[in-house]
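First the structure, in the form of structure tokens, and then the observations on it.
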Amino acid sequence: MSYDSDNIFAKILRGEIPCDKVYEDDHVLAFRDIQPQTPVHVLVIPKGGYSSFDDFSRDASEAEIAAFVRAAGQIARDLGVVADGYRVLANHGRDANQEVPHFHLHLFAGKPLGRMIKPLDK
Ligand code: 5GP
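Per this note's numbering, the very first residue in the sequence shown carries number 1202; after that it's consecutive.
Here it is in structure tokens:
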């Protein structure tokens, strides 16, 4: 999947549309999801043009990957959700229902989150 620089998160990164920012550094931006599914629902994105976890994990530099992982953990600490717990999740592609083709990590917290996915029927 080649990167589409017209996607909504690319526009947020360029400042063309606003976001409710919670964190920014040289490699990473994080902001609140516009349709939160939990009391805390933050999206963590790299500033580089990566479509999903697939090309990010393959093509991003060590510095970008390290910054991303460090930032995600720091954001959870800054939001005060470590003690009660949180979930991070990244969707890639059709079966995961990825909607925005710019790599992003969802950070969910603020209530009991239940099981991770529905178990397979036996
Ligand atoms: P995905 O299904 O791609 O993993 O999740 C995309 C997420 O982006 C959804 O949770 C959706 O609510 C969020 N989203 C879509 N458009 C916008 C937007 O313009 N601003 C913000 N802050 N979040 C958005």
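Cβ coordinates follow ideal geometry from the N, Cα and C atoms, glycine included. Predicted, not measured: the structure shown is a model, and the values here were computed from it.
If you reduce the DSSP assignment to three classes, tell me which class residue i lands in.
| i | result |
| --- | --- |
| F1309 | strand |
| I1235 | coil |
| E1263 | helix |
| K1212 | helix |
| R1316 | coil |
| I1276 | helix |
In angstroms, rounded to a whole number, what distance separates the CA positions of residue i and residue j?
| i | j | result |
| --- | --- | --- |
| D1256 | K1312 | 32 angstroms |
| F1254 | A1272 | 16 angstroms |
| L1230 | G1249 | 10 angstroms |
| V1283 | I1218 | 30 angstroms |
| V1301 | F1232 | 14 angstroms |
| G1294 | D1285 | 30 angstroms |
What residues in its chain sit with their C-beta under 6 angstroms from that of residue i, if we drop five residues either side in the sequence?
| i | result |
| --- | --- |
| A1268 | H1228 and V1229 |
| R1288 | F1309 and L1314 |
Could you round the C-beta distance between residue i and residue j to whole angstroms and report it? I think they count as a contact, below 8 angstroms.
| i | j | result |
| --- | --- | --- |
| D1234 | V1243 | 7 angstroms |
Which residues in the same chain have their Cβ closer than 8 angstroms to the Cβ of residue i, if we skip the five residues on either side of it in sequence?
| i | result |
| --- | --- |
| Y1251 | Y1204, F1257, D1260, A1261, H1303 and F1304 |
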